[in-house]
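Input: a single structure, listed below in structure tokens.
Protein chains in written order, with the working numbering: chain Y, 1 to 343; chain D, 1001 to 1149.
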């Protein structure tokens, strides 16, 4: 952050910023010990001794709400007004979780022709069906779109806990933990299909297929296969070596998930997503799993490696490898292991 | 071979509830983080962004499946040092580098006297372990992760 003349707004660095930055008047990064003497909570003037007071208190500050603000806070007027004043909340409205959802019922009534704004004629039946004010279950659209006979299994993903975000893939430690992903499937079902543990399979959906290595397990429904999400990478992506396990043994189910549902009468294609929220229907994917008979022990599809980003590689002629990979290649050429030890 | 202290003033240990562990690996990464910056540092990584990324870890979490069919259960097993009462990795050490501290029973390795013999790993109850030499640097002991999940 800079002042108008371009000089640093907080020349004292992070401690300066933490103490002196105000996102709204009186409200900054730390809630405790605000005000000239540190006596205010959540909202108050900048206190130059705020950090010292935090340190003296073991780096914590605890503020106890008065008893009448402690309960039913989603509709507690005293709490809501206090929270508004302190900047925790932006509006004084109560927070109501509706089991019977009035906003959704309004949509349904609109589909029935009530009100000034009604959905276009061709969408009314769909809105009326799915905008139900009480939650209900219906078969995923994908079941009808794919055909249960041709694609008898569901395929789903989970995020591995060790790397909740996909950018964990470029973390040097986390990619040692989850550098590749398998397709996990029921041992009993795999036996029926002639698929062995660690074997390679084709996973097909109505729009395409991917190749993956299986890991058989007991704790999965025989009609479901699953894998870790977002491990698979195109060669060269994220600045990783094109021979990385993320590329050679990682894969994505994304190639199998259709953006659109099949044509309706009249040719319109709805998005393959939840009709109320618009959430993409990743979990509705239906697949067929077959043993792969070719000898290529790598995942598929494969694409040309991405170019090395400028400034990362050696930048000379025919050697586009980033410096950090180059050492490994030198070892390889000299018959050494990646750690530099004679094989 | 290195002798154990006859008695220790304390017997510290680490208790892990395997019924509760979900295999999030947070203990493994935070252990690497802590030890990477202190005693016995650095815990280096080889090919961190390359084709065969691996490195030194003092704790790993392995996942297994136990039982069949409806009785199948996933078990996650954090393999941190348990500071055994009679640590086999200490008694097998020829230099005294691997030792059990008399004050509290903690098992430690002195990097200055360790010669990287790797015998420690023969003694380790955590059997899937190995030593990698990183050029002339001191050796790194790390368990090989055999992930199931």
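Just so it is clear, CB atoms sit at the ideal spot from N, CA and C, and this is done for glycine as well.
Problem set entry | Beta carbon proximity, residue 1057 (chain D) to chain Y, threshold 9 angstroms | Numbered from 1 along the second chain, position 57 holds the residue referred to as residue 1057 (chain D). It does: the Cβ of residue 1057 (chain D) has a partner Cβ on chain Y nearer than 9 angstroms.
For this session: Can you give me the start and stop residues for the alpha helix (DSSP H) that residue 155 (chain Y) sits inside?
Result: Locating residue 155 (chain Y) in the first chain gives position 155, where the first residue counts as 1. Counting along the chain, no alpha helix (DSSP H) covers residue 155 (chain Y); the unbroken beta strand (DSSP E) around it starts and ends at 153-158.
Exercise. Can you find a C-beta in chain D that's less than 9 angstroms from the C-beta of residue 239 (chain Y)?
Worked result: On the first chain, residue 239 (chain Y) is found 239 positions in, with the first residue counted as 1. Chain D contact via Cβ: present.
Exercise. Under the three-state reduction of DSSP, which class applies to residue 1077 (chain D): helix, strand or coil?
Worked result: Counted from its first residue, the second chain places residue 1077 (chain D) at position 77. It is a strand residue.
Exercise. Which residue comes first and which comes last in the alpha helix (DSSP H) that contains residue 141 (chain Y)?
Worked result: The residue given as residue 141 (chain Y) occupies position 141 in the first chain. Segment 141-146, the alpha helix (DSSP H) holding residue 141 (chain Y).
Problem set entry | Buried versus exposed call for residue 1099 (chain D) [16 or more other C-beta atoms within 10 Å across all chains shown] | Start at 1 with the first residue of the second chain, and residue 1099 (chain D) comes out as number 99. Residue 1099 (chain D) should be labelled buried.
Problem set entry | Alpha carbon of residue 319 (chain Y) to alpha carbon of residue 246 (chain Y), nearest angstrom | As a first step, residue 319 (chain Y) is located in the first chain; it is residue number 319 there, counting from the start. As a first step, residue 246 (chain Y) is located in the first chain; it is residue number 246 there, counting from the start. Note that residue 319 (chain Y) has pLDDT 45, beneath the 50 cutoff, so the model's placement of it is unreliable and the number below is only indicative. Cα to Cα, the separation comes out at about 22 angstroms.
Problem set entry | When Y:156, Y:266 and Y:243 are compared against residue 254 (chain Y), the one with the closest alpha-carbon | Here the question's residue 254 (chain Y) lines up with position 254 in the first chain. If we check each option's Cα against that of residue 254 (chain Y), Y:156 comes out closest.
Exercise. Do residue 1050 (chain D) and residue 243 (chain Y) come within 9 angstroms of each other at the CB atom, strictly closer than that value?
Worked result: In the first chain, counting from the first residue as 1, residue 243 (chain Y) sits at position 243. In the second chain, counting from the first residue as 1, residue 1050 (chain D) sits at position 50. Cβ atoms of residue 243 (chain Y) and residue 1050 (chain D): closer than 9 angstroms.
For this session: Can you tell me the Cβ-Cβ gap for residue 1027 (chain D) and residue 1061 (chain D), rounded? I've got them flagged as a contact below 8 angstroms.
Result: Along the second chain, read from residue 1 onward, the residue named residue 1027 (chain D) stands at position 27. Along the second chain, read from residue 1 onward, the residue named residue 1061 (chain D) stands at position 61. About 7 angstroms separates the two Cβ atoms, so the contact holds.
Problem set entry | Span separating the alpha-carbon of residue 195 (chain Y) from that of residue 189 (chain Y) | Reading the first chain from its first residue, position 195 is the one you call residue 195 (chain Y). Reading the first chain from its first residue, position 189 is the one you call residue 189 (chain Y). Cα to Cα, the separation comes out at about 9 angstroms.
For this session: Closer than 9 angstroms, Cβ to Cβ, to anything on chain D: give me those residues from the segment 147-163 of chain Y, in chain order.
Result: 160, 161, 162 and 163
Problem set entry | Partners in chain D for residue 195 (chain Y), counting only beta-carbon separations shorter than 8 angstroms | Counted from its first residue, the first chain places residue 195 (chain Y) at position 195. Within chain D, no residue comes near residue 195 (chain Y); the closest Cβ sits about 17 angstroms away, beyond 8 angstroms.
For this session: Using a Cβ-Cβ cut-off of 9 angstroms, state whether residue 250 (chain Y) counts as contacting chain D.
Result: Counted from its first residue, the first chain places residue 250 (chain Y) at position 250. False, the Cβ-Cβ gap to chain D never drops below 9 angstroms.
Exercise. By a C-beta neighbour count over all protein chains shown, 10 Å radius and 16 as the cutoff for buried, is residue 303 (chain Y) buried or exposed?
Worked result: Indexing the first chain from 1 puts residue 303 (chain Y) at position 303. Exposed, because fewer than 16 other Cβ atoms sit within 10 Å of the Cβ of residue 303 (chain Y).
Exercise. If you compare alpha carbons, which of Y:136, Y:204 and Y:274 is closest to residue 148 (chain Y)?
Worked result: Indexing the first chain from 1 puts residue 148 (chain Y) at position 148. Nearest of Y:136, Y:204 and Y:274 to residue 148 (chain Y), Cα basis: Y:204.
Problem set entry | When D:1033, D:1114 and D:1105 are compared against residue 1013 (chain D), the one with the closest alpha-carbon | Taking the first residue of the second chain as 1, we reach residue 1013 (chain D) at position 13. Of the listed residues, the one whose Cα sits closest to residue 1013 (chain D) is D:1105.
Exercise. If we call anything under 9 angstroms between Cβ atoms a contact, is residue 1008 (chain D) one with residue 1093 (chain D)?
Worked result: For the purposes of this step, residue 1008 (chain D) is taken as residue 8 along the second chain, with counting starting at 1. For the purposes of this step, residue 1093 (chain D) is taken as residue 93 along the second chain, with counting starting at 1. It is not a contact, given that the beta carbons lie outside the stated cut-off.
Exercise. Residues of chain D with CB under 9 angstroms from residue 53 (chain Y), in chain order?
Worked result: Translated into positions along the first chain, residue 53 (chain Y) becomes position 53. Here the premise fails: no neighbours, minimum Cβ distance about 28 angstroms.
Exercise. Based on the DSSP output, what are the partners of residue 213 (chain Y) in its beta bridges?
Worked result: Position 213 of the first chain, counting from 1, holds the residue named residue 213 (chain Y). Partner(s): Y:200.
For this session: Tell me, please, which residues DSSP counts as bridged to residue 27 (chain Y).
Result: Residue 27 (chain Y) sits at position 27 when you count from the first residue of the first chain. Answer by DSSP bridge pairing, in chain order: Y:24.
Exercise. When the Cβ atoms of the segment 178-192 of chain Y are set against those of the segment 218-225 of chain Y, are three or more pairs found closer than 8 angstroms?
Worked result: yes
Exercise. Is the Cβ of residue 1093 (chain D) closer than 9 angstroms to any Cβ of chain Y?
Worked result: As a working note, residue 1093 (chain D) is residue 93 in the second chain. No, residue 1093 (chain D) does not count as interfacial toward chain Y.
Exercise. For residue 104 (chain Y), which residues from the same chain have a beta carbon less than 8 angstroms from its beta carbon, with the 5 sequence-adjacent residues on both sides left out?
Worked result: Walking along the first chain from the start, residue 104 (chain Y) turns up at place 104. Within the same chain, residue 104 (chain Y) has close Cβ partners 131, 132, 133 and 276.
For this session: Measure the CB-CB distance between residue 32 (chain Y) and residue 45 (chain Y) and report whether it falls below 9 angstroms.
Result: Reading the first chain from its first residue, position 32 is the one you call residue 32 (chain Y). Reading the first chain from its first residue, position 45 is the one you call residue 45 (chain Y). Taking 9 angstroms as the Cβ cut-off, residue 32 (chain Y) and residue 45 (chain Y) do not qualify as a contacting pair.
For this session: Just mark residue 13 (chain Y) as buried or exposed, buried being the case when its beta carbon has 16 or more other beta carbons within 10 Å.
Result: By one-based count along the first chain, residue 13 (chain Y) stands at place 13. By the neighbour-count rule (16 or more Cβ atoms within 10 Å), residue 13 (chain Y) is not buried but exposed.
Exercise. When the Cα of residue 295 (chain Y) is compared with those of Y:213, Y:239, Y:88 and Y:118, which residue comes out closest?
Worked result: On the first chain, position 295 is the one that residue 295 (chain Y) refers to. Checked all of Y:213, Y:239, Y:88 and Y:118; the closest Cα to residue 295 (chain Y) is Y:213.
For this session: With DSSP as the reference, label residue 1164 (chain D) as helix, strand or coil.
Result: Any property of residue 1164 (chain D) remains undetermined from this structure, which presents chain D solely from 1001 to 1149.
Exercise. If we count Cβ pairs, one from each stretch, closer than 8 angstroms, do we get three or more for the segment 66-79 of chain Y versus the segment 43-58 of chain Y?
Worked result: no
Problem set entry | C-beta neighbour in chain A for residue 305 (chain Y), strict 9 angstroms | Checking the listed chains, one finds no chain A in this structure; the protein chains it contains are Y and D.
Exercise. For residue 3 (chain Y), is the classification buried or exposed, using 16 other Cβ atoms within 10 angstroms of its Cβ as the cut-off for buried?
Worked result: Taking the first chain and counting its residues from 1, the one referred to as residue 3 (chain Y) is at position 3. Counting Cβ neighbours within 10 Å, residue 3 (chain Y) comes out exposed, since fewer than 16 surround it.
For this session: Mark residue 79 (chain Y) as exposed unless 16 or more other C-beta atoms lie within 10 angstroms of its C-beta, in which case mark it buried.
Result: Numbered from its first residue, the first chain carries residue 79 (chain Y) at position 79. Flag for residue 79 (chain Y) reads buried.
Exercise. Opposite residue 8 (chain Y) in the DSSP bridges: which residues?
Worked result: As a first step, residue 8 (chain Y) must be located in the first chain, where it is residue number 8. DSSP lists Y:2 as partners of residue 8 (chain Y).
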